[in-house]
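There are 2 protein chains.
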Amino acid sequence: MAVTLAEVAAACNVSTSTVSRALTDPEKVNAETRTRIERVARQLGYAPSRAGRSLVSGRTDTVGLVVPDIANPFFPPIIKSVQARARDKRYAVLIADTDEHVADELELARGLSRQVDGLILASPRTAPAELTRLAQQLPVVFVNREVEGAGSVVIDENEGMQEAVEHLVSLGHRRITYLAGPRRSWSNQQRRDALSKACADNDVELRELGPFEPQIQAGMRAADLLQSSEVAAAIAYDDLIALGVMSRLTERGMQVGREISVIGIDDSPLSTVTHPMLTSIHVPAAELGSAAVDLLLNQLHDDETPTTTVKLETRLVIRGSTGIPPENLR
Amino acid sequence: MAVTLAEVAAACNVSTSTVSRALTDPEKVNAETRTRIERVARQLGYAPSRAGRSLVSGRTDTVGLVVPDIANPFFPPIIKSVQARARDKRYAVLIADTDEHVADELELARGLSRQVDGLILASPRTAPAELTRLAQQLPVVFVNREVEGAGSVVIDENEGMQEAVEHLVSLGHRRITYLAGPRRSWSNQQRRDALSKACADNDVELRELGPFEPQIQAGMRAADLLQSSEVAAAIAYDDLIALGVMSRLTERGMQVGREISVIGIDDSPLSTVTHPMLTSIHVPAAELGSAAVDLLLNQLHDDETPTTTVKLETRLVIRGSTGIPPENLR
DNA sequence: GATGAGACTGCCAACGTTTGCAGCAAGAGT
DNA sequence: ACTCTTGCTGCAAACGTTGGCAGTCTCATC
């Protein structure tokens, strides 16, 4: 079916080795024959067989990417940047979606691990011990999670949270409710801690509702809880929950940004489709992806680079969903 | 590094052939040795090398999927269902994102074609001749586009459009503006034709604005055009444009669903986050994906099955973004 | 003219798997 | 006791690529 080295070799009256060298190690072969081989190869439409190459090299030139939910708008930018960076470096990307199903996560990663050189796990929720074990079996980089003995790219939500709390305080809020993400989520812990610290620093009372799955529906559920507990300011685990909250509250006649302030996290493109637009803590999603690829590829090529953690900054993006609290709730 | 057939064979005192057979053709080997081999293989954590297998079989057990934009909420459900179905059938999925860059589309597909058994192209915008040519080189299934000589899964927007127009007419609209998608998009043509027919059937005047890229920003641009041309009812090429329109109009103080009616197409999850919620023509995205995989796998296994076109139905989902037009615009 | 160096190329083994073919042993039928 | 079948297993080739090693040829040097 496909054109092989042997066919090119035959057409050029040289051996397969020479063709192979001409195409991968151009200096090692006579300039004249090289150009001839290159011409014929192009003419015949030769493309090296990945399988053949992979068999002898032991590499697949493919990386795996496991995400919890492609439909969550937080991930597509990450996926895109992973793909773009990988493509630059001549790597293909195999993607798996766990559908937020924690139990499948490890299984999918293991399945992928057989056909890739390295793995990127985005926002994994599997137990730390398992992840460490996985990272011992092949190069793995974690996004949005720090794992012992493996490379990680994480975000530092402290600044963003600090800014968010200060923003609310400056508007007159003294009480903030956190709409928690999944109970065992690492980033939920990070965000809660960051918020907790920011609240303590600013002498703000912190309450919590949840946990909620990072989905719009869950946010709608959160909205009803919020409404019945007379909350004036809420920071959600992520934009999806925040958007669900806004949608539901607006539907029920509340004026978001006046009667209640809502802040999301991720600053996904959706933040701008609602009215008012969602104030959100910006997360540099594209950089998360490319940094992860860089880390992984370093680990693949430069034998044993230390497993570092890259930390990216966050900042608050103020839009219309936050405002001065009503008098009775200050 | 990885456990090979040979190691399992050595541990069992049999030949590699026997191990291979025991694991792939269980009936061909003695029950006793088979169970022994299976046990040892599991114990050693043996997993067949895809490269080795691929080399002899000529197959990769991988399918490629090319989408225009992962971040467009229309595609994630398709991607998910493609992955799910492929996984059921023991296929891996390689994904490429063209970033709406038409020129890259073919290049990405060709790149992928070297490492997959078949290809699924979602909403491609490449010229028909090129697509036909591609389909001659390897099995390809097109989603949201009909191509000569290749399998296709498309949607029939006629019913949905008919329902949409009837819905608007029943509310009192006599004029509809179509917010066109990309000029050379096949599905834009389909949608425009379906709308055109529905309008003719219902004696409604049809106008058009555009083209617009399927992005929220473009929708915002469309909103300003709409506002300056006193339109009371608009049907957008897709939800993203519709959402951008709504967002921008609301921001500028217009009451969507009262002063102006907006209808989207795709019925993406985002339709419910806005206020009012977006009336949209529902497209069975999940079925698009799984049908595409089924078609492709048929093509891969049952030698030469006829290249059929699967057509899926659409229907209108009425929400709050449509309503009775203001008196002066009837 | 013998020797050496250097440039280039071919041979061959190896990667891990599958599979046609042949070999072998055991049992059945005559 | 002989053949024939049946059931199981091993041998070896093949898939396409790479790379170590050795071979050939040319040319310069002494």
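Protein chains in written order, with the numbering used here: chain A, 160 to 489; chain G, 160 to 489.
Note that CB positions come from ideal geometry on N, CA and C, so glycine has one too.
Practice task
Spell out whether any CB of chain G is found under 9 angstroms from the CB atom of A/Glu410.
Solution key: On the first sequence, position 251 is the one that residue 410 of chain A refers to. Answer yes: the Cβ-Cβ gap between A/Glu410 and chain G drops below 9 angstroms somewhere.
Practice task
In angstroms with no decimal places, state the Cα-to-Cα distance between G/Pro341 and G/Arg351.
Solution key: Looking up residue 341 of chain G in the second sequence gives position 182. Looking up residue 351 of chain G in the second sequence gives position 192. Straight-line Cα distance between these residues: approximately 11 angstroms.
Problem - Exposure label - G/Ile477; buried when at least 16 CB within 10 Å - result: Taking the first residue of the second sequence as 1, we reach residue 477 of chain G at position 318. It is exposed - the Cβ of G/Ile477 has fewer than 16 other Cβ atoms within 10 Å.
Exercise for the section: Please check the pair A/Val421 and A/Ala445, which I expect to be a contact at CB under 8 angstroms, by giving their CB distance rounded to whole angstroms. Expected result: If you number the first sequence from 1, residue 421 of chain A lands on position 262. If you number the first sequence from 1, residue 445 of chain A lands on position 286. Not really, about 25 angstroms apart at Cβ, beyond 8 angstroms.
Problem - G/Leu447 at chain A interface by Cβ criterion, 9 angstroms - result: Within the second sequence, the letter at position 288 stands for residue 447 of chain G. Chain A, which has no Cβ nearer than 9 angstroms to the Cβ of G/Leu447, makes this no.
Problem - the segment 457-478 of chain A: positions lying closer than 8 angstroms to chain G by Cβ - result: none
Exercise for the section: Can you have a look at A/Ser439 and say buried or exposed, based on whether 16 or more other CB atoms are within 10 angstroms of its CB? Expected result: Walking along the first sequence from the start, residue 439 of chain A turns up at place 280. Label assigned to A/Ser439: buried.
Problem - Beta carbon proximity, G/Ala281 to chain A, threshold 9 angstroms - result: Here residue 281 of chain G refers to the residue found at position 122 of the second sequence. For G/Ala281, the answer is no, since every Cβ of chain A falls outside 9 angstroms of its Cβ.
Practice task
Report back the beta-carbon spacing between G/Ile196 and G/Val178 to the nearest angstrom; my notes put them in contact at under 8 angstroms.
Solution key: As a working mapping, residue 196 of chain G is identified with position 37 in the second sequence. As a working mapping, residue 178 of chain G is identified with position 19 in the second sequence. At roughly 6 angstroms, the Cβ-Cβ gap stays under 8 angstroms, so G/Ile196 and G/Val178 are in contact.
Practice task
Would you list, in sequence order, the uninterrupted beta strand (DSSP E) runs of no fewer than 3 residues that lie entirely inside the segment 290-352 of chain G?
Solution key: 299-302, 310-315, 334-338
Problem - G/Asp397 burial status per 10 Å Cβ neighbour count (16 or more: buried) - result: Position 238 of the second sequence, counted from the start, is the residue given in the question as residue 397 of chain G. Per the 10 Å Cβ criterion, buried.
Handout entry: Interface flag, A/Gly403 vs chain G, CB-CB below 9 angstroms
Key = Position 244 of the first sequence, counted from the first residue, corresponds to residue 403 of chain A. Yes, contact with chain G.
Practice task
Can you say whether A/Pro484 is buried or exposed, counting buried as having 16 or more other CB atoms within 10 angstroms of its CB?
Solution key: One-based indexing of the first sequence puts residue 484 of chain A at position 325. By the neighbour-count rule (16 or more Cβ atoms within 10 Å), A/Pro484 is buried.
Practice task
May I have the straight-line CA-CA distance separating G/Leu456 from G/Ser311, to the nearest angstrom?
Solution key: Along the second sequence, one-based indexing puts residue 456 of chain G at 297. Along the second sequence, one-based indexing puts residue 311 of chain G at 152. Roughly 13 angstroms separates the two Cα atoms.
Exercise for the section: Starting from the beta carbon of G/Ala251, find every residue of chain A whose beta carbon is closer than 9 angstroms, and list them in chain order. Expected result: Against the second sequence, residue 251 of chain G aligns to sequence position 92. What G/Ala251 touches in chain A: Leu253, Ala255, Gly270, Leu271, Gln274.
Exercise for the section: Take A/Glu264 and list the residues in its own chain whose beta-carbon comes closer than 7 angstroms to its own, dropping the five residues that flank it on each side. Expected result: For this step, residue 264 of chain A is matched to residue 105 along the first sequence. Excluding positions up to five away in sequence, the list reads Val225, Thr257, Pro283, Arg284, Thr285.
Problem - G/Leu437: first and last residue of the uninterrupted alpha helix (DSSP H) it sits in - result: Working through the second sequence from its first residue, we reach residue 437 of chain G at position 278. No alpha helix (DSSP H) holds G/Leu437; DSSP gives it neither H nor E.
Handout entry: Boundaries (first-last residue) of the beta strand (DSSP E) holding G/Thr221
Key = Reading the second sequence from its first residue, position 62 is the one you call residue 221 of chain G. Per DSSP, G/Thr221 belongs to the beta strand (DSSP E) from 221-226.
Practice task
Enumerate, from N- to C-terminal direction, the unbroken alpha helix (DSSP H) stretches of 4 or more residues contained entirely within the segment 202-285 of chain A.
Solution key: 209-216, 234-247, 261-272
Practice task
Quick one: using the 10 Å Cβ neighbour count with 16 as the cut-off for buried, is G/Ala294 buried or exposed?
Solution key: By 1-based counting over the second sequence, the position of residue 294 of chain G is 135. So G/Ala294 ends up on the buried side.
Practice task
Tell me the start and end of each unbroken beta strand (DSSP E) in the segment 415-471 of chain A that is at least 3 residues and wholly inside, in chain order.
Solution key: 420-425, 438-441
Exercise for the section: With 8 angstroms as the C-beta to C-beta threshold (strictly closer), list the residues of the segment 386-401 of chain G near chain A in chain order. Expected result: none
Handout entry: Neighbourhood of G/Leu365 by C-beta, 7 angstroms cutoff - its chain only, sequence neighbours within 5 removed
Key = Reading the second sequence from its first residue, position 206 is the one you call residue 365 of chain G. Here the set comprises Ile335, Tyr337, Leu354, Ser355, Cys358.
Practice task
Count the other C-beta atoms from every protein chain shown that fall within 10 angstroms of the C-beta of G/Gln458, then say buried if there are 16 or more, exposed otherwise.
Solution key: As a first step, residue 458 of chain G must be located in the second sequence, where it is residue number 299. Label assigned to G/Gln458: buried.
Handout entry: Span separating the alpha-carbon of A/His332 from that of A/Gln321
Key = Residue mapping note: residue 332 of chain A aligns to position 173 of the first sequence, counting from 1. Residue mapping note: residue 321 of chain A aligns to position 162 of the first sequence, counting from 1. Roughly 14 angstroms between the two C-alpha positions.
Handout entry: G/Gly204 burial status per 10 Å Cβ neighbour count (16 or more: buried)
Key = Taking the first residue of the second sequence as 1, we reach residue 204 of chain G at position 45. The residue is exposed, with fewer than 16 neighbouring Cβ atoms inside 10 Å.
Exercise for the section: Starting from A/Gln349, find everything on chain G with Cβ-Cβ shorter than 8 angstroms and list it in chain order. Expected result: In the first sequence, residue 349 of chain A corresponds to position 190, counting from 1. Correct list: empty, because the minimum Cβ distance to chain G is about 25 angstroms.
Handout entry: Length of the line joining the Cα atoms of G/Ser387 and G/Ile238
Key = Start at 1 with the first residue of the second sequence, and residue 387 of chain G comes out as number 228. Start at 1 with the first residue of the second sequence, and residue 238 of chain G comes out as number 79. G/Ser387 and G/Ile238: Cα-Cα distance of roughly 38 angstroms.
Exercise for the section: Could you work out which residue in G/Ala230, G/Gly403, G/Val302, G/Ala391 is closest to G/Ala381 when comparing CA atoms only? Expected result: Translated into positions along the second sequence, residue 381 of chain G becomes position 222. The option with the nearest alpha carbon to G/Ala381 is G/Gly403.
Problem - Whether G/Ala281 touches A/Pro235 by CB criterion (9 angstroms) - result: Residue mapping note: residue 281 of chain G aligns to position 122 of the second sequence, counting from 1. Residue mapping note: residue 235 of chain A aligns to position 76 of the first sequence, counting from 1. Contact flag unset, no.
Practice task
Return no unless some Cβ of chain G is closer than 9 angstroms to the Cβ of A/His326.
Solution key: One-based indexing of the first sequence puts residue 326 of chain A at position 167. It does not; no Cβ of chain G falls within 9 angstroms.
Problem - Residues in the segment 197-220 of chain G having any Cβ partner in chain A nearer than 8 angstroms - result: Ala206, Ser208, Arg209, Ala210, Gly211, Ser213, Leu214, Gly217, Thr219
Practice task
Taking a Cβ distance cut-off of 7 angstroms, strictly less, list which residues of the segment 421-432 of chain A are near chain G, in chain order.
Solution key: Pro428, Leu429, Thr431, Val432
Handout entry: Start-to-end residues for the beta strand (DSSP E) that takes in G/Glu166
Key = If you number the second sequence from 1, residue 166 of chain G lands on position 7. Segment 164-171 is the alpha helix (DSSP H) holding G/Glu166; no beta strand (DSSP E) there.
Problem - Beta-carbon neighbours of A/Ile419, restricted to chain G and to distances below 7 angstroms - result: Within the first sequence, the letter at position 260 stands for residue 419 of chain A. The premise fails here: A/Ile419 is roughly 14 angstroms from chain G at the closest Cβ pair, so nothing lies under 7 angstroms.
Practice task
Using a cut-off of 8 angstroms between C-beta atoms, extract the partners of G/Ser406 located in chain A.
Solution key: The residue you call residue 406 of chain G lines up with position 247 of the second sequence. Neighbours of G/Ser406 on chain A, chain order: Thr431, Val432, Thr433, His434, Met436.
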